[in-house]
Amino acid sequence: MLTPEQFKELLKDNVINLRIHARGGQGGVTASNLCVEAFYGYGVCQPLFGAERMGSPTESYVRLSANDDLVRSNEQVYSPHFVCVLDPSLLGEINVTAGLAKGGWLIVNTTLNQEDIQNIVGRTDINVATIDATRIALEVLGRNITNTIILGALLRVGPIFTVEALADAIMRRFKGEIAGKNVAAIKQAIEETCVYDIGLDPDLTMDTKIPWQQVFPGLPGFKELDKAGVWYCDETVIEIGSNQVNTGSWGEWDMIWDEEKCTDCAQCWYICPDFSIIREKGEDGLWHMKGIDILHCKSCQNCLEICPVEAISKRLKQGPASCAAPE
Ligand code: SF4
Ligand code: SF4
């Protein structure tokens, strides 16, 4: 295991990548924020919510370095040095060790032992730390929220920041009694973490940035991004988006598109977080806006706000929208 001094030296010219797996409502994103707040140098964190509902698998990513030039990217962490898993049921559902560097640390809220975990994830070249965070959460906090407790286990095997700095970050974020209880839970977690060290450390000097084209090789048009950033593909409609999840059912508004006013500027297409702006390739060979996918549009209203000609408006949901997707 690397010491705090070794981490400090390495972080002068390198980045630590951390990925946190949780379920919606368990506080994985808060944990990633706390890491950045507790770190003495520079840090960024981003969440990935997926289906955006309680219990759905979520991911959050953290990059930390003493060199601010190295923590500017905002993409997902594909090659983490540390992975924290807040919910043990995710072990069998998600490939939590995807991209985890050889010698990296898998830190899990579980009562399973190292052998069980290695059997589940199919890796013997990584270090494992386990903590019964659920029990500690119920004992100390009185509710099953394990996000701060897993950070105690992280500190035990990866002293990237100090427990005092983490406690300060928690006191700033939470108020009153609950803040003190979280700090107590972290200290208990540091004591109780089971460490299975294989004697290898993650190589922080390894370049972990992966060009996104290599990550999603099947994304339509990924080879032709040089065409002014516009995605072209052979099919008539760009078939991307959360087609597995009817995210539109959560929205409060139907978004209404006015074809007459629309100038085809595509700003709404770029800003839509759920790929719910439908475009089709016309006879002129260019892509044109064709409507809004109401099955997936979740009423965030980004498109309405960005449209420069007010071609998008909204109305409270009341049956089929006039801007329905083509059949
Ligand atoms: S409101 Fe607009 S930007 Fe938001 S999800 Fe719907 S189509 Fe996309
Ligand atoms: S932002 Fe407005 S004008 Fe531009 S493509 Fe979308 S609806 Fe049309």
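Residue numbers for the sequence shown follow this note's numbering, beginning at -8 and rising by one. No residue lacks a Cβ here, since even glycine has one placed at the ideal position from N, Cα and C.
- [ ] Within its chain, find whatever has a CB closer than 8 angstroms to the CB of residue 307; leave out the 5 residues flanking it on each side and keep chain order.
- [x] As a first step, residue 307 is located in the sequence shown; it is residue number 316 there, counting from the start. Hits under 8 angstroms: 243, 244, 245.
Open item on the list: Taking only three categories from DSSP, how would you classify residue 272?
Closed with: Taking the first residue of the sequence shown as 1, we reach residue 272 at position 281. Here residue 272 sits in strand by DSSP.
Task: Simplified DSSP state of residue 16, which is helix, strand or coil - done: By 1-based counting over the sequence shown, the position of residue 16 is 25. In this structure, residue 16 counts as coil in the three-state DSSP scheme.
Task: Buried or exposed (CB count within 10 angstroms, at least 16 for buried), residue 65 - done: In the sequence shown, counting from the first residue as 1, residue 65 sits at position 74. Around the beta-carbon of residue 65, fewer than 16 other beta-carbon atoms lie within 10 Å, marking it exposed.
TODO: Mind listing, in chain order, the continuous alpha helix (DSSP H) runs of no fewer than 4 residues lying wholly within the stretch 243 to 295?
DONE: Look at the stretch 243 to 295 and you find these whole runs of alpha helix (DSSP H), each 4 residues long or longer: 258 to 262.
Task: residue 5 burial status per 10 Å Cβ neighbour count (16 or more: buried) - done: Along the sequence shown, one-based indexing puts residue 5 at 14. Label assigned to residue 5: buried.
Open item on the list: Taking the beta carbon of residue 78 as the centre, do at least 16 other beta carbons fall within 10 Å, making it buried, or is it exposed?
Closed with: For the purposes of this step, residue 78 is identified with residue 87 of the sequence shown, where counting begins at 1. Buried, because 16 or more other Cβ atoms sit within 10 Å of the Cβ of residue 78.
TODO: Report the three-state DSSP secondary structure of residue 34 (helix, strand or coil).
DONE: Your numbering for residue 34 matches position 43 in the sequence shown. Residue 34: strand per DSSP, three-state reduction.
Open item on the list: Please tell me whether residue 3 and residue 58 are closer than 8 angstroms, where the distance is taken between their beta carbons.
Closed with: For the purposes of this step, residue 3 is identified with residue 12 of the sequence shown, where counting begins at 1. For the purposes of this step, residue 58 is identified with residue 67 of the sequence shown, where counting begins at 1. Yes, the Cβ-Cβ distance between residue 3 and residue 58 is below 8 angstroms.
Open item on the list: Given this structure, state the Cα-to-Cα distance separating residue 39 from residue 276, to the nearest angstrom.
Closed with: Working through the sequence shown from its first residue, we reach residue 39 at position 48. Working through the sequence shown from its first residue, we reach residue 276 at position 285. So the alpha carbons of these two residues sit roughly 34 angstroms apart.
Task: Where residue 31 falls, given that 16 or more other Cβ within 10 Å makes a residue buried - done: For the purposes of this step, residue 31 is identified with residue 40 of the sequence shown, where counting begins at 1. Residue 31 is exposed by the Cβ-count criterion.
Open item on the list: I'd like to confirm something about residue 249: is its beta-carbon nearer than 7 angstroms to some heavy atom of ligand 1, or not?
Closed with: As a first step, residue 249 must be located in the sequence shown, where it is residue number 258. At a threshold of 7 angstroms, residue 249 does not count as near ligand 1, since its beta carbon sits no closer than that to any of the ligand's heavy atoms.
Task: Top-ranked residue by Cα proximity to residue 156, from 142, 148, 169, 168 - done: The residue labelled residue 156 in the question sits at position 165 within the sequence shown. Of the residues 142, 148, 169, 168, the one whose Cα lies closest to the Cα of residue 156 is 142.
Open item on the list: ligand 2 and residue 255: does the residue's C-beta get closer than 7 angstroms to at least one heavy atom of that ligand?
Closed with: Translated into the one-based positions of the sequence shown, residue 255 becomes position 264. Residue side-chain check: residue 255 places its Cβ nearer than 7 angstroms to a non-hydrogen atom of ligand 2.
Open item on the list: Following a CB-centred definition, is residue 264 positioned closer than 7 angstroms to any heavy atom of ligand 1?
Closed with: Along the sequence shown, read from residue 1 onward, the residue named residue 264 stands at position 273. Yes, Cβ of residue 264 sits closer than 7 angstroms to a heavy atom of ligand 1.
Task: Secondary structure of residue 306, DSSP reduced to three states - done: Here residue 306 refers to the residue found at position 315 when the sequence shown is read from its first residue. Note: residue 306 maps to strand in three-state DSSP.
- [ ] Give every residue of the same chain whose Cβ lies closer than 7 angstroms to the Cβ of residue 302, excluding the five residues on either side of it in the sequence, and list them in chain order.
- [x] The residue you call residue 302 lines up with position 311 of the sequence shown. Within the same chain, residue 302 has close Cβ partners 248, 249, 252, 253.
Task: C-alpha gap between residue 167 and residue 131, whole angstroms - done: One-based indexing of the sequence shown puts residue 167 at position 176. One-based indexing of the sequence shown puts residue 131 at position 140. One C-alpha to the other measures close to 15 angstroms.
Open item on the list: By alpha-carbon positions, which one of 278, 186, 281 ends up nearest to residue 108?
Closed with: Position 117 of the sequence shown holds residue 108. The shortest C-alpha separation from residue 108 is found at 186.
Task: ligand 2 heavy atom lying under 7 angstroms from the CB of residue 176 - done: Position 185 of the sequence shown, counted from the start, is the residue given in the question as residue 176. Result no, Cβ not under 7 angstroms from ligand 2.
Task: DSSP state of residue 50 mapped onto helix, strand, coil - done: On the sequence shown, position 59 is the one that residue 50 refers to. In the three-state reduction of the DSSP assignment, residue 50 falls in the strand class, which pools E and B.
- [ ] Please confirm whether any heavy atom of ligand 2 lies closer than 7 angstroms to the CB of residue 259.
- [x] Working through the sequence shown from its first residue, we reach residue 259 at position 268. Proximity of the beta carbon of residue 259 to ligand 2 is indicated: a heavy atom of the ligand is located closer than 7 angstroms.
Task: Anticipated Cβ contact below 8 angstroms, residue 269 with residue 284, distance rounded - done: To locate residue 269, count along the sequence shown from 1; it is residue 278. To locate residue 284, count along the sequence shown from 1; it is residue 293. Their Cβ separation, rounded to whole angstroms, is 5 angstroms, which keeps residue 269 and residue 284 in contact under 8 angstroms.
Open item on the list: Does the distance between the C-beta of residue 124 and the nearest non-hydrogen atom of ligand 2 fall short of 7 angstroms?
Closed with: As a working mapping, residue 124 is identified with position 133 in the sequence shown. No.
Task: Nearest candidate by alpha-carbon position, reference residue 287, set 264, 83, 60, 126 - done: Sequence index remark: in the sequence shown, residue 287 carries index 296 (1-based). For residue 287, the nearest C-alpha among the options comes from 264.
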